[in-house]
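Encoded as structure tokens, the structure appears first; notes follow it.
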Amino acid sequence: MQSSDLNELTRILQTAISPVALISGVGLLILAMTSRFSHMTDRARTLSNQLNAAREDESDHITIQIKVLYRRLQLMMLSIGFALASIFFVSLLIITLFVIYVLNVSLQNVVIILFILSLACLVLSLVLFIRDIALSLNAIKEELKAQL
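In this note's numbering, the protein residues as written are 6 to 153.
Here it is as structure tokens:
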């Protein structure tokens, strides 16, 4: 391999490092989201079991909690899906960068589109994640109102 080829490959690898860092960061976000999702499903199962043994006056309150949890689970599932889509687009971006180098083709517009799609999916994921947190706070507020 000639020195100029090695320099070009090094430049391409350096360019690919930033998207890889994005994958790592979004991966940690997905880890937090899936942990939250798991805790919510466990809580929904517990409430479902309590609903079967509850008195009629308690069952309405438990049913409302289960409905709120179900809505939050839907939001979290969408949020995780968009985060995964973000990683998918970043992965395609990295592959595209290497295709540009290996085949010596001009795919700059594809790179831009993939980067925009990746960031758009990440933003949507974060918006849904924040929405879930807001619903969680509202549910706690309602729970405290009911107990006071």
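Even glycine gets a Cβ: it sits at the ideal position worked out from N, Cα and C.
Item to check | Span of the alpha helix (DSSP H), counted from its first residue to its last, around A90 | outcome: Bounds of the alpha helix (DSSP H) holding A90 are 61-108.
Checklist entry - With distances taken from CA atoms, which of L52, L142, S96 is nearest S23? => result Ranking L52, L142, S96 by Cα distance to S23 puts S96 first.
Checklist entry - How many whole angstroms separate the CB atoms of R76 and L140, which I take to be in contact at a CB cut-off of 8 Å? => result Sure, about 7 Å apart at Cβ, within 8 Å.
Item to check | Cβ shell of V115 (< 7 Å), same chain only, five flanking positions each side left out | outcome: Beyond the five residues adjoining it in sequence on each side, V115 comes within less than 7 Å, by CB distance, of T101 in the same chain, given in chain order.
Checklist entry - Is DSSP giving S53 helix, strand or coil here? => result Helix.
Checklist entry - Thinking C-alpha only, which one of I117, A49, L98 is nearest L18? => result Out of I117, A49, L98, the CA that lies nearest to the CA of L18 is found in L98.
Checklist entry - Rounded C-beta distance between L74 and L52? I'm assuming under 8 Å. => result 7 Å between Cβ atoms; contact.
Item to check | Beta-carbon spacing of I69, A49 below 8 Å | outcome: No. Outside cutoff.
Item to check | Cβ-Cβ separation, G32 to I92 (assumed contact under 8 Å), whole Å | outcome: Your pair I92 and G32 checks out as a contact, with CB atoms roughly 7 Å apart and the cut at 8 Å.
Next on the checklist: Give me the residue from L119, L80, L27 with the minimum Cα distance to T46.
Outcome noted: Comparing Cα positions, the closest option is L80.
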